[in-house]
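Trainee:
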Amino acid sequence: MWQFVKYSLATVVGLFLFAIVSLLLLAGVGAAMGSSDEVYDLKDNSVLKLDLNRPIVENATTEDNPFAALTDLYFAPPENLGLIQVLSALERAKVDPKIKGIYLDASFPIAGYAQLSEIREAIQKFQKSGKFVYAYANSYTEKGYYISSVADKTYLNPNGLLDFNGISVQYTFYKKALDKLEIEPLVFRVGTYKSAVEPFIREDMSEENKAQTSSFLQSINTYVFDKIARSKNIPVRKLDQIADSLQAFEPSNAEKLGMVKQGYWDEFEALMKKASGEKEKVIYVSINNYLKAKNPIDEVEGKDRIAVLVAEGEISGTRASEGNIGSDDFVKELKKLRESKSVKAIVLRIDSPGGSSLASDIMWREIELTKKVKPIISSMSNYAASGGYYMAMGTDVIVAQPTTITGSIGIFAAWFNVDNFLKNTLGITQDHVNTHANSNFMNSAGALTDFQKSVVQNSVNKGYLSFTTKAAAGRKMTLQRLQSLAGGRVWTGAQAKQIGLVDELGGLDKAIEIAAAKVKLKPGTYKVSVYPKAKSFVDELLNSATSETSLSERLLAKNIPWASSVLEVNRWKKREGFLAMMPYLMEFE
Numbered sequence: 001m002w003q004f005v006k007y008s009l010a011t012v013v014g015l016f017l018f019a020i021v022s023l024l025l026l027a028g029v030g031a032a033m034g035s036s037d038e039v040y041d042l043k044d045n046s047v048l049k050l051d052l053n054r055p056i057v058e059n060a061t062t063e064d065n066p067f068a069a070l071t072d073l074y075f076a077p078p079e080n081l082g083l084i085q086v087l088s089a090l091e092r093a094k095v096d097p098k099i100k101g102i103y104l105d106a107s108f109p110i111a112g113y114a115q116l117s118e119i120r121e122a123i124q125k126f127q128k129s130g131k132f133v134y135a136y137a138n139s140y141t142e143k144g145y146y147i148s149s150v151a152d153k154t155y156l157n158p159n160g161l162l163d164f165n166g167i168s169v170q171y172t173f174y175k176k177a178l179d180k181l182e183i184e185p186l187v188f189r190v191g192t193y194k195s196a197v198e199p200f201i202r203e204d205m206s207e208e209n210k211a212q213t214s215s216f217l218q219s220i221n222t223y224v225f226d227k228i229a230r231s232k233n234i235p236v237r238k239l240d241q242i243a244d245s246l247q248a249f250e251p252s253n254a255e256k257l258g259m260v261k262q263g264y265w266d267e268f269e270a271l272m273k274k275a276s277g278e279k280e281k282v283i284y285v286s287i288n289n290y291l292k293a294k295n296p297i298d299e300v301e302g303k304d305r306i307a308v309l310v311a312e313g314e315i316s317g318t319r320a321s322e323g324n325i326g327s328d329d330f331v332k333e334l335k336k337l338r339e340s341k342s343v344k345a346i347v348l349r350i351d352s353p354g355g356s357s358l359a360s361d362i363m364w365r366e367i368e369l370t371k372k373v374k375p376i377i378s379s380m381s382n383y384a385a386s387g388g389y390y391m392a393m394g395t396d397v398i399v400a401q402p403t404t405i406t407g408s409i410g411i412f413a414a415w416f417n418v419d420n421f422l423k424n425t426l427g428i429t430q431d432h433v434n435t436h437a438n439s440n441f442m443n444s445a446g447a448l449t450d451f452q453k454s455v456v457q458n459s460v461n462k463g464y465l466s467f468t469t470k471a472a473a474g475r476k477m478t479l480q481r482l483q484s485l486a487g488g489r490v491w492t493g494a495q496a497k498q499i500g501l502v503d504e505l506g507g508l509d510k511a512i513e514i515a516a517a518k519v520k521l522k523p524g525t526y527k528v529s530v531y532p533k534a535k536s537f538v539d540e541l542l543n544s545a546t547s548e549t550s551l552s553e554r555l556l557a558k559n560i561p562w563a564s565s566v567l568e569v570n571r572w573k574k575r576e577g578f579l580a581m582m583p584y585l586m587e588f589e
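Quick note on full-length UniProt numbering: the sequence shown kicks off at 1 and runs consecutively.
1. Give me the Cα-Cα distance between Lys194 and Ile411, rounded to the nearest whole angstrom.
2. DSSP on Tyr383, reduced to helix/strand/coil?
3. At the level of alpha carbons, what is the spacing between Asn417 and Asp179?
4. Hey, which unbroken runs of the beta strand (DSSP E) at 3 residues or more fall wholly within the UniProt domain "Peptidase S49" (370-521)?
5. Tell me whether Phe173 sits in a helix, a strand or coil according to DSSP, three-state version.
6. Report yes or no: is there a C-beta of chain B within less than 8 Å of the C-beta of Tyr136?
7. Between Val224 and the rest of its own chain, which residues show a CB-CB distance below 6 Å, the 5 nearest in sequence each way excluded?
8. Looking at the strands, I want to know which residues DSSP matches up with Ser352.
9. Work out the CA separation of Ala60 and Ala32 for me, nearest whole Å.
10. Rounded to whole angstroms, what's the CA-CA distance from residue 591 to Ala229? Just pull it up for me.
11. May I ask you to list the residues that DSSP assigns as paired with Ser286?
12. In the region 101-133, which residue ranges form an unbroken alpha helix (DSSP H) of at least 4 residues, counting only runs that do not cross its ends?
13. Among Lys292, Ser139 and Gly101, which residue has its Cα nearest to the Cα of Ile123?
14. Based on the DSSP secondary-structure assignment, which residues constitute the bridge partners of Gly82?
15. Can you name, in chain order, every residue of its own chain whose Cβ lies under 8 Å from the Cβ of Ile367, other than the five neighbours on each side?
16. Since Pro185 sits in a beta bridge, which residues does DSSP pair it with?
17. To the nearest angstrom, how far is it from the Cα of Gly277 to the Cα of Tyr383?
18. Measure the C-alpha to C-alpha separation of Leu337 and Ala496 and round it to an integer number of angstroms.
19. Taking a contact to mean a Cβ-Cβ separation below 8 Å, would you say Val187 touches Ala414 in this structure?
20. Would you mind listing the beta strand (DSSP E) stretches within the region 285-348 that are 3+ residues and don't spill past its ends, in chain order?
21. Quick one: Cα of Gly191 to Cα of Val282, how far?
22. Helix, strand or coil: which one does DSSP assign to Ala151?
23. So Val528 packs on Lys294, CB below 8 Å; how close in whole Å?
24. Using the DSSP secondary-structure output, state which residues sit across from Leu162 in a beta bridge.
25. Rounded to the nearest angstrom, what separates Leu579 and Ile362 at their Cα positions?
26. Go ahead and pull the three-state DSSP assignment for Tyr74.
27. Roughly how many angstroms separate the alpha carbons of Gly524 and Pro199, rounded to a whole number?
28. How should Asp204 be labelled, buried or exposed, when 16 other C-beta atoms within 10 angstroms of its C-beta is the threshold for buried?
29. Pick helix, strand or coil for Ile362, following the three-state DSSP scheme.
30. Within a Cβ cutoff of 8 Å, which residues of the same chain sit near Ser565, ignoring the five residues on either side of it in sequence?
31. Taking DSSP as the reference, what is the three-state secondary structure of Val197?
32. Could you tell me whether the Cβ atoms of Val80 and Val57 are closer together than 8 Å?
33. Considering Val224, what are the terminal residues of the alpha helix (DSSP H) in which it resides?
34. Here's a check: name, in chain order, each residue in its chain whose Cβ is nearer than 6 Å to the Cβ of Glu314, leaving out the five neighbours to either side.
35. Look at Ala114 and Ser381 and say whether their C-beta atoms are less than 8 Å apart.
Right, dumping it as structure tokens:
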């Protein structure tokens with residue numbers, strides 16, 4: 001039913017857009033071919049503009065997007081910023097004589113705390129070069145202020161605001177809506193904390209979920225406030241008081257408290273002119289352009305490489321798509337790296353809340369095979385939970401940021417009984433003929449018998465035992481000890497380090513150092529290569545035309561009020577089955 005509605009609407013819009021998209025694609029290809037090999041002419045006294053007010057992914061192309069002006073119409077993919085590219089640019093800039101400093105534009109960064117922490121640490125390394133870092137915003141969100149507080153000078157528009165009140169997360173529950181629609185969620189799980197299904201069976205959070213959420217939120221908040229306190233020389237206790245009483249909300253108060261300096265853009269830019277040594281105007285250079293300039297760091301001689309394999313998104317099944325990990329594609333890529341003679345060690349960069357338990361297990365097996373041939377180190381980004389942790393637990397060493405969300409070791413299964421919804425709301429009924437008692441088992445949108453429910457629950461129990469047994473072996477723990485930390489419970493990287501689920505705290509650079517040390521490669525003697533290659537805007541556009549979330553679907557979701565709900569239900573339908581997935585893909589505020 002959902003497929004019929006989705007594809008009928010998508011076809012109508014898709015046919016209309018085909019000719020326009022084709023013309024734009026041809027224009028984009030021509031523009032890309034004309035600019036891809038150009039070397040950017042970097043001027044003296046340049047200021048690197050670090051614009052974090054867009055989606056930050058692990059790896060992104062540095063090619064310019066000629067469709068940028070049309071992004072709002074969804075003709076082009078959003079302009080993502082690659083974390084790996086940011087880190088590379090900061091590493092170059094600290095030794096580049098043509099770069100005088102950084103203008104940090106991070107009023108509303110679209111990233112997790114782990115990614116922001118990694119960028120913040122790279123900025124601190126840049127500051128040791130003696131070059132300036134200035135930040136400016138009309139307003140700051142909590143995340144925006146966290147990363148901007150690292151700047152030598154953090155400016156705020158006198159009429160803006162500073163959202164500094166601690167970290168929170170909000171969950172949405174659908175039980176009442178499902179009750180009204182007569183849709184019955186059929187849920188099977190193992191673990192007190194495996195709360196991914198709570199939105200469908202409860203109207204609020206369970207006490208266990210509240211306890212774990214409070215625990216990891218406080219862990220993240222403690223880390224973030226400590227970093228701000230050190231940068232701004234304000235005691236953590238004072239920051240707690242400021243957050244509780246909203247004292248920093250008004251820019252004038254925030255300035256008195258020593259958190260920001262007030263100023264308009266022209267006043268701020270005058271400071272940057274002086275700091276950069278330019279009298280007429282500040283010479284800004286974007287991340288993408290800077291990475292096209294001549295690299296001030298000499299290229300490493302020799303063929304030895306450390307490979308960084310990026311696994312980002314929900315684990316959706318066998319084939320990868322935009323924002324998803326596919327086990328077949330992952331296995332193919334990892335096997336190439338394992339068999340490559342020039343690749344001496346592998347860093348598996350994970351940013352995933354989990355997903356398909358079968359796909360997770362397939363990837364775990366390939367990691368186990370790789371570990372027998374060469375070292376493989378995990379580097380956790382924002383999320384490496386449930387299926388994401390399933391991947392990490394097979395590696396030699398696990399490295400996480402203190403603010404990484406990890407753990408959630410558990411499995412659940414979910415189906416939706418929509419018989420009454422179809423019959424009573426839409427007037428649609430179903431019937432079937434079987435050759436055996438359970439011929440329609442797992443093929444029907446209807447209810448399950450008690451026997452069928454017991455079969456599903458037994459499979460979930462078996463999957464949980466397999467997950468925890470393998471995790472215990474990987475972490476060199478007893479099964480009893482591992483299961484005491486599992487049950488679907490979510491931990492931060494800092495907490496996971498204390499209980500033995502993580503080995504080291506740090507970022508991607510730390511994981512690369514560990515990988516190099518494993519194979520006795522000294523700094524400056526090896527290259528770092530990232531896989532898979534970041535897709536260009538043309539690749540993304542072509543991919544969007546054939547992916548599960550196509551161009552026409554995006555347009556439908558934007559312009560037809562109820563269409564986005566249909567597409568969201570369809571995505572949840574695809575998640576039916578056995579899943580190793582964390583409670584929620586959380587948005588911290």
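Every residue gets a Cβ at the ideal spot worked out from N, C-alpha and C, and that includes glycine.
Mentor: On the basis of the coordinates in this document:
1. Counted from its first residue, the sequence shown places residue 194 at position 194. Counted from its first residue, the sequence shown places residue 411 at position 411. Straight-line Cα distance between these residues: approximately 7 Å.
2. The residue you call residue 383 lines up with position 383 of the sequence shown. DSSP places Tyr383 in strand when its eight states are reduced to three.
3. Taking the first residue of the sequence shown as position 1, residue 417 is located at position 417. Taking the first residue of the sequence shown as position 1, residue 179 is located at position 179. For Asn417 and Asp179, the distance between alpha carbons rounds to 11 Å.
4. 376-385, 397-400, 405-407, 412-417 and 490-492
5. The sequence position of residue 173 within the sequence shown is 173, counting from 1. Reduced to three states, the DSSP call for Phe173 is coil.
6. Absence of chain B from the displayed structure is noted, only one protein chain being present.
7. Taking the sequence shown and counting its residues from 1, one reaches residue 224 at position 224. Same-chain partners within the cutoff: Tyr146.
8. Position 352 of the sequence shown holds residue 352. DSSP lists Ala384 as partners of Ser352.
9. As a working mapping, residue 32 is identified with position 32 in the sequence shown. As a working mapping, residue 60 is identified with position 60 in the sequence shown. Residue placement at Ala32 is flagged as unreliable, the pLDDT there being 49, under the threshold of 50; a coordinate-derived value is accordingly withheld.
10. Here the chain covers residues 1 to 589 and nothing more, so residue 591 does not appear.
11. In the sequence shown, counting from the first residue as 1, residue 286 sits at position 286. Looking at the DSSP assignment, Ser286 forms a beta bridge with Lys49.
12. 113-127
13. By 1-based counting over the sequence shown, the position of residue 123 is 123. For the residues Lys292, Ser139 and Gly101, the minimum Cα distance to Ile123 belongs to Gly101.
14. Here the question's residue 82 lines up with position 82 in the sequence shown. According to DSSP, which records beta bridges pairwise, Gly82 is partnered with Val57.
15. Counted from its first residue, the sequence shown places residue 367 at position 367. Here the set comprises Leu334, Leu348, Ile376, Met391, Gly394 and Thr395.
16. Within the sequence shown, residue 185 is the residue found at index 185, counting from 1. Answer is Phe416, bridged to Pro185.
17. Your numbering for residue 277 matches position 277 in the sequence shown. Your numbering for residue 383 matches position 383 in the sequence shown. The straight-line gap from Cα to Cα measures roughly 42 Å.
18. Sequence index remark: in the sequence shown, residue 337 carries index 337 (1-based). Sequence index remark: in the sequence shown, residue 496 carries index 496 (1-based). Rounded to whole angstroms, Leu337 and Ala496 show a C-alpha spacing of 29 Å.
19. As a working note, residue 187 is residue 187 in the sequence shown. As a working note, residue 414 is residue 414 in the sequence shown. Taking 8 Å as the Cβ cut-off, Val187 and Ala414 qualify as a contacting pair.
20. 305-312, 314-317 and 324-326
21. One-based indexing of the sequence shown puts residue 191 at position 191. One-based indexing of the sequence shown puts residue 282 at position 282. Each residue's Cα considered, the two are about 57 Å apart.
22. Within the sequence shown, numbered from 1, the residue matching residue 151 stands at position 151. Coil at Ala151, not helix or strand.
23. Reading the sequence shown from its first residue, position 528 is the one you call residue 528. Reading the sequence shown from its first residue, position 294 is the one you call residue 294. Actually they do not touch by this definition, with Cβ atoms about 19 Å apart.
24. For the purposes of this step, residue 162 is identified with residue 162 of the sequence shown, where counting begins at 1. Looking at the DSSP assignment, Leu162 forms a beta bridge with Tyr140.
25. Counted from its first residue, the sequence shown places residue 579 at position 579. Counted from its first residue, the sequence shown places residue 362 at position 362. Rounded to the nearest angstrom, the two C-alpha atoms are 13 Å apart.
26. Stepping through the sequence shown from its first residue, residue 74 is reached at position 74. For Tyr74, the predicted model reports a pLDDT of 48, less than 50, meaning its position is unreliable and no value from the coordinates is stated.
27. Taking the sequence shown and counting its residues from 1, the one referred to as residue 524 is at position 524. Taking the sequence shown and counting its residues from 1, the one referred to as residue 199 is at position 199. Approximately 50 Å, taken between the alpha carbons.
28. Counting from one through the sequence shown, the residue named residue 204 turns up at place 204. Exposed is the call here.
29. Taking the first residue of the sequence shown as position 1, residue 362 is located at position 362. In the structure shown, Ile362 sits in a helix (DSSP, three-state: H, G or I).
30. Within the sequence shown, numbered from 1, the residue matching residue 565 stands at position 565. The predicted model places Ser565 with a pLDDT of 44, which falls under 50 and marks its position as unreliable; any figure quoted below should be read in that light. Closer than 8 Å at Cβ, skipping near neighbours: no residue.
31. For the purposes of this step, residue 197 is taken as the residue at position 197 of the sequence shown. DSSP places Val197 in coil when its eight states are reduced to three.
32. Taking the sequence shown and counting its residues from 1, the one referred to as residue 80 is at position 80. Taking the sequence shown and counting its residues from 1, the one referred to as residue 57 is at position 57. Before going further, note that residue 80 is Asn rather than Val in the sequence given. Cβ atoms of Asn80 and Val57: closer than 8 Å.
33. The sequence position of residue 224 within the sequence shown is 224, counting from 1. That run of the alpha helix (DSSP H) goes Glu207 to Lys232.
34. For the purposes of this step, residue 314 is taken as residue 314 along the sequence shown, with counting starting at 1. Cβ within range, chain order: Asn324 and Gly355.
35. The residue you call residue 114 lines up with position 114 of the sequence shown. The residue you call residue 381 lines up with position 381 of the sequence shown. Yes, the Cβ-Cβ distance between Ala114 and Ser381 is below 8 Å.
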